[in-house]
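Participant: Below is one structure. I have some questions about it.
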Amino acid sequence: MLPPVLEIYLVWHPDDRAGARAAHQLVKHFHGTLFTGLIGGAIEVYVRYQGWRGATDAPRPIPVPGWPPPNGVAQAQYVAVVPVLGLGLARAVQPGTGPWFDYLTALVRAERSAARQVRVFPLLLADAAVLHGTTLDRILGSYQRLGARLPATDEGPDTGWRRELVQGLAQVPGRTGDRLRVFISHTRQASGDGSGVAELTQTVRAVIAGTSLAEFFDARDLQAGQQWPEALRANAARSALLALRTDLYASRSWCQWEVLAAKEQGAPVVILDALERGEERGSFLMDHVPRVPVRRSTAGWAHGDVEAGLAVLVDECLKRALWERQRQLALGRPDLDVVWWAPHAPEPLTLAHWLIAHQDTGGLAGTGPLRILHPDPPLGAPERLVLNQLARLGGVMRDLDVMTPRLLAARGG
Numbered sequence: 009m010l011p012p013v014l015e016i017y018l019v020w021h022p023d024d025r026a027g028a029r030a031a032h033q034l035v036k037h038f039h040g041t042l043f044t045g046l047i048g049g050a051i052e053v054y055v056r057y058q059g060w061r062g063a064t065d066a067p068r069p070i071p072v073p074g075w076p077p078p079n080g081v082a083q084a085q086y087v088a089v090v091p092v093l094g095l096g097l098a099r100a101v102q103p104g105t106g107p108w109f110d111y112l113t114a115l116v117r118a119e120r121s122a123a124r125q126v127r128v129f130p131l132l133l134a135d136a137a138v139l140h141g142t143t144l145d146r147i148l149g150s151y152q153r154l155g156a157r158l159p160a161t162d163e164g165p166d167t168g169w170r171r172e173l174v175q176g177l178a179q180v181p182g183r184t185g186d187r188l189r190v191f192i193s194h195t196r197q198a199s200g201d202g203s204g205v206a207e208l209t210q211t212v213r214a215v216i217a218g219t220s221l222a223e224f225f226d227a228r229d230l231q232a233g234q235q236w237p238e239a240l241r242a243n244a245a246r247s248a249l250l251a252l253r254t255d256l257y258a259s260r261s262w263c264q265w266e267v268l269a270a271k272e273q274g275a276p277v278v279i280l281d282a283l284e285r286g287e288e289r290g291s292f293l294m295d296h297v298p299r300v301p302v303r304r305s306t307a308g309w310a311h312g313d314v315e316a317g318l319a320v321l322v323d324e325c326l327k328r329a330l331w332e333r334q335r336q337l338a339l340g341r342p343d344l345d346v347v348w349w350a351p352h353a354p355e356p357l358t359l360a361h362w363l364i365a366h367q368d369t370g371g372l373a374g375t376g377p378l379r380i381l382h383p384d385p386p387l388g389a390p391e392r393l394v395l396n397q398l399a400r401l402g403g404v405m406r407d408l409d410v411m412t413p414r415l416l417a418a419r420g421g
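Every letter in the sequence shown is one number past the one before it in this note's numbering, and letter 205, counting from 1, is 213.
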């Protein structure tokens, strides 16, 4: 329906059998429910390891600018290549000639000539593969490698390298060089002895410090003389917001303002659910976002739970970037007739914000349904009913046709 946006190619030498495990992890991740809810072509994963013309040949070429796909197939907007740096690949390129050497050097040339469209993210398998002076080190040693290496076995979950890759991919469309920034939304107020809130904040900051993510933390990042309410709102709207939902979080005014600002700007929001005693009531502002539980034991808050929350937050950032790119590509497609490309399923908060922003533009007048498109999963019938009631109260006499890409495809556009 739309041109492809992002293609990921995982490349490994057949002798580096762990490459197949990395490919399985990558395909499973990007074919999960989060990314399949986008319009077809938003993201796809391919593998390259088998010889193209024979067992000793390099794989099939990767479609990059200057070397487009055959038969008129559309070129992806962005191409990411993940070469697995193992001993098999190192041996294949060590002579400085041959098909694998030509293959990797051609990828490097493509990245350098089309840096806004092609990125290379090496994944380390063996330190010896990139020892100083080796041919593989000369070809790919100047690239910043993914922050966590591929483990030697499949025991236990490994999200580090995938999170680093997703973070890098989320930053590709803008190519500003800025790291993704995590706005830590928290309250200092606590029930009980209050130790859990401070410990959780310290744990989250420590985990973020061990990644390539940036952070915004009010106690450190607000400068002398700044108006802290305005600064908090502005930074919450420009960052990915991680809400530390401790017992009193939902009732704190500025925590609510931070979530409100982030949602109104379409920024990703993920909640770390750290309730210990519970809460008298929640807040409807906190609903309709991914929620990751974080546990506390005598040893403290679980680092693995915080890392899982950050992984979800980074996934949400990439999802938003892909959705925005598809919105831009659809500007020349009036047949889609979409009045609002909502980055997340609409809710009363975001719908009210959108209606207010458009009530004076004349775009809500006329007849026929107003089509609102958002990523899967779809809203339920009761949810759509409430949104239509809210629109009526706002003076919109047209029905809201709230749908997802799957429903749009089922209707034939």
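C-beta: ideal position from N, C-alpha, C; glycine also.
Taking contact to mean at least 3 C-beta pairs separated by less than 8 angstroms, is the stretch 342–354 in contact with the stretch 377–385?
Facilitator: Touching, yes.
Participant: Cα separation between Pro107 and Ile70?
Facilitator: Here residue 107 refers to the residue found at position 99 of the sequence shown. Here residue 70 refers to the residue found at position 62 of the sequence shown. Computed Cα separation, rounded: 14 angstroms.
Participant: Could you have a look at Ile364 and say whether DSSP puts it in helix, strand or coil?
Facilitator: In the sequence shown, counting from the first residue as 1, residue 364 sits at position 356. Here Ile364 sits in helix by DSSP.
Participant: Mind checking whether Arg260 and Ile279 have CB atoms under 8 angstroms apart?
Facilitator: As a first step, residue 260 is located in the sequence shown; it is residue number 252 there, counting from the start. As a first step, residue 279 is located in the sequence shown; it is residue number 271 there, counting from the start. Against a cut-off of 8 angstroms, the Cβ pair of Ile279 and Arg260 comes out as no contact.
Participant: Going by alpha carbons, who is nearest to Val267 out of Asp281, Ala282, Leu283 and Leu250?
Facilitator: Residue 267 sits at position 259 when you count from the first residue of the sequence shown. Among Asp281, Ala282, Leu283 and Leu250, the Cα nearest to that of Val267 is on Leu250.
Participant: Roughly how many angstroms separate the alpha carbons of Gly96 and Pro354, rounded to a whole number?
Facilitator: Numbered from its first residue, the sequence shown carries residue 96 at position 88. Numbered from its first residue, the sequence shown carries residue 354 at position 346. Between Gly96 and Pro354, the C-alpha separation is close to 49 angstroms.
Participant: Using the DSSP secondary-structure output, state which residues sit across from Arg25 in a beta bridge.
Facilitator: Taking the sequence shown and counting its residues from 1, the one referred to as residue 25 is at position 17. DSSP lists no partner for Arg25.
Participant: Just how far apart, CA to CA, sit Leu401 and Arg253?
Facilitator: Taking the first residue of the sequence shown as position 1, residue 401 is located at position 393. Taking the first residue of the sequence shown as position 1, residue 253 is located at position 245. Cα to Cα, the separation comes out at about 32 angstroms.
Participant: Using a Cβ-Cβ cutoff of less than 6 angstroms, which residues in the same chain neighbour Thr38 once the five nearest sequence positions on both sides are dropped?
Facilitator: Mapped onto the sequence shown, residue 38 falls at position 30. Reading the sequence as shown, one finds Phe at residue 38 and not Thr. Counting only Cβ-Cβ distances below 6 angstroms, and skipping sequence neighbours, we find Ile51 and Val53.
Participant: If you measure between the beta carbons of Leu430 and Phe129, is that distance less than 8 angstroms?
Facilitator: There is simply no residue 430 to check, as the chain begins at 9 and stops at 421 in what is shown.
Participant: Which same chain residues end up closer than 7 angstroms to Leu387 when comparing Cβ atoms and leaving out the 5 residues on each side of it in sequence?
Facilitator: As a first step, residue 387 must be located in the sequence shown, where it is residue number 379. Once the five neighbours on either side are set aside, the close Cβ partners of Leu387 are Ala353 and Val410.
Participant: Here's the rule: buried if 16 or more other CB atoms are within 10 angstroms of the residue's CB, otherwise exposed. What is Trp75?
Facilitator: Sequence index remark: in the sequence shown, residue 75 carries index 67 (1-based). Exposed is the call here.
Participant: How many Å lie between Asn4 and Ala84 at the Cα?
Facilitator: Look at the range of the chain in this structure, 9 to 421, and you will see that residue 4 is not part of it.
Participant: Taking the continuous beta strand (DSSP E) assigned at Pro91, which residues delimit it?
Facilitator: On the sequence shown, position 83 is the one that residue 91 refers to. Per DSSP, Pro91 belongs to the beta strand (DSSP E) from Tyr86 to Leu93.
Participant: Give the secondary structure of Val53 by DSSP, where H, G and I count as helix, E and B as strand, and everything else as coil.
Facilitator: In the sequence shown, counting from the first residue as 1, residue 53 sits at position 45. Val53 falls in the strand class under three-state DSSP.
Participant: Ser220 and Arg196 - do their beta-carbons sit closer together than 8 angstroms?
Facilitator: The sequence position of residue 196 within the sequence shown is 188, counting from 1. The sequence position of residue 220 within the sequence shown is 212, counting from 1. Cβ atoms of Arg196 and Ser220: not closer than 8 angstroms.
Participant: Nearest CA to the CA of Val297: which residue from Met405, Ala217, Leu357 and Gly204?
Facilitator: Here residue 297 refers to the residue found at position 289 when the sequence shown is read from its first residue. Minimum Cα distance to Val297 is reached at Leu357.
Participant: Report the partner residues of Ile279 according to the DSSP bridge assignment.
Facilitator: Here the question's residue 279 lines up with position 271 in the sequence shown. Ala251 and Arg299.
Participant: Report yes or no: do three or more beta-carbon pairs, one from the stretch 303–321 and one from the stretch 203–222, lie closer than 8 angstroms?
Facilitator: A contact exists between the stretch 303–321 and the stretch 203–222.
Participant: Got a sec? Which residues, its chain only, sit under 6 angstroms from His194 by beta carbon, not counting five neighbours each side?
Facilitator: Here residue 194 refers to the residue found at position 186 of the sequence shown. Once the five neighbours on either side are set aside, the close Cβ partners of His194 are Thr209 and Leu252.
Participant: Could you give the first and the last residue of the continuous beta strand (DSSP E) run that contains Ser193?
Facilitator: As a working note, residue 193 is residue 185 in the sequence shown. Start and end: Arg189 to Ser193.
Participant: Are the beta-carbon atoms belonging to Val404 and Leu363 less than 8 angstroms from one another?
Facilitator: Stepping through the sequence shown from its first residue, residue 404 is reached at position 396. Stepping through the sequence shown from its first residue, residue 363 is reached at position 355. Yes, Cβ-Cβ distance for Val404 and Leu363 is below 8 angstroms.
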